[in-house]
Every structure is written in structure tokens, then in C-alpha cells.
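Below is one structure, written out as C-alpha cells; the observations come after it.
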Amino acid sequence: MQPTQDVLIPEVIQQIPLTYYLILSTVLFIIGIIGVLTRRNAIIIFMSIELMLNAVNLLLIAFSSYKSDSAGQVFVFFIMAVAAAEVSVGLAIIVMIYRNTRSIDVGLLNKLKW
0 MQPTQDVLIP EVIQQIPLTY YLILSTVLFI IGIIGVLTRR NAIIIFMSIE
50 LMLNAVNLLL IAFSSYKSDS AGQVFVFFIM AVAAAEVSVG LAIIVMIYRN
100 TRSIDVGLLN KLKW
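For the sequence shown, numbering that gives the first Met the number 0 gives the first residue as 0, with consecutive numbering after it.
Structural data, given as C-alpha cells:
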């Protein structure tokens, strides 16, 4: 009797040490923070926020696989659904800002103040 694919996935993920997942996720999160703090382009800032969100998702998947609990994986599914809605609203806002200012530089957005 061959094992099913559901049994093989946690074993494959558990072959890689948990510290590797932690290091990768930390590096991705730090790259996202640096992108948010140093860039002035709205699309790059938006991509950096998504990178930070995916770093957290990676950790949730790794921890849930190591504990053999699917709750973390279900939680990641809902996070990705919310992120998809965030992307659509965020890109619509960026397009409207570009139409009004002909730039997506966040430094020019001080015109939105009183």
C-alpha cells in the first residue's frame, strides 16, 4: 500500500530544519521592511508589504507542518484571500492617485492634506 500525498507533504517539509524556515522568513520580512522604509514609489511599497505578509505566511505553514496541525494552513488560506482583496483595493487607489497627480511618488501625496 502506497502512502497518500497528504502523508508525504509534512514529511518532506519536516526534513528541512525549522531554523531554515525561520531564517528565510526573517530575511524576507527584513527585505520588506527596508523596502517600505526606503522607497518612495507606491508600487514598490505595496510589493514590500506583500513580501512581509508572505514571510509571515511561510512561518505559519512551517509551524503548522511541524506540529502536524492544519489550523495554520487554513489560517494562511484566509490571509491570502484577504490579501487578494487588499491588492485589488490598493491598486485601484494607486491608479486613481496616478490619474490625479501623474506620479506614484508618495512624496507628492502631501497634497491630500488639508
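Quick reminder that beta carbons are idealized off the backbone N, C-alpha and C, glycines included.
| query | Is S67 near the ligand GDP, judged by its Cβ being under 8 Å from some heavy atom? | reply | Absence of the ligand GDP from the depicted structure is noted, as is the absence of any ligand whatsoever, leaving it without description.
| If you measure from the beta carbon of F45 to each beta carbon in chain C, is any gap under 9 Å? | Here chain C cannot be found, since the structure has a single protein chain.
| task | Along the alpha helix (DSSP H) that carries V88, what are the first and last residues, could you check? | result | Your numbering for residue 88 matches position 89 in the sequence shown. A70 to T100 is the span of the alpha helix (DSSP H), which, as asked, contains V88.
| Roughly how many angstroms lie between the CA atoms of R39 and A54, to the nearest whole one? | On the sequence shown, position 40 is the one that residue 39 refers to. On the sequence shown, position 55 is the one that residue 54 refers to. If I take the Cα positions, the gap works out to 22 Å.
| said: Once the 5 residues before and after L107 are set aside, which same chain residues still bring their CB inside 8 Å of it? | reply: As a first step, residue 107 is located in the sequence shown; it is residue number 108 there, counting from the start. The answer, listed in chain order, is T100.
| request: Report yes if the CB atom of S63 is closer than 9 Å to the CB atom of F74, and no otherwise. | output: As a working mapping, residue 63 is identified with position 64 in the sequence shown. As a working mapping, residue 74 is identified with position 75 in the sequence shown. Yes.
| said: Could you pull the DSSP bridge partners for N40 from this structure? | reply: Along the sequence shown, one-based indexing puts residue 40 at 41. Per DSSP, D104.
| query | Is S67 helix, strand or coil when you go by DSSP? | reply | Taking the sequence shown and counting its residues from 1, one reaches residue 67 at position 68. Correct three-state label for S67: coil.
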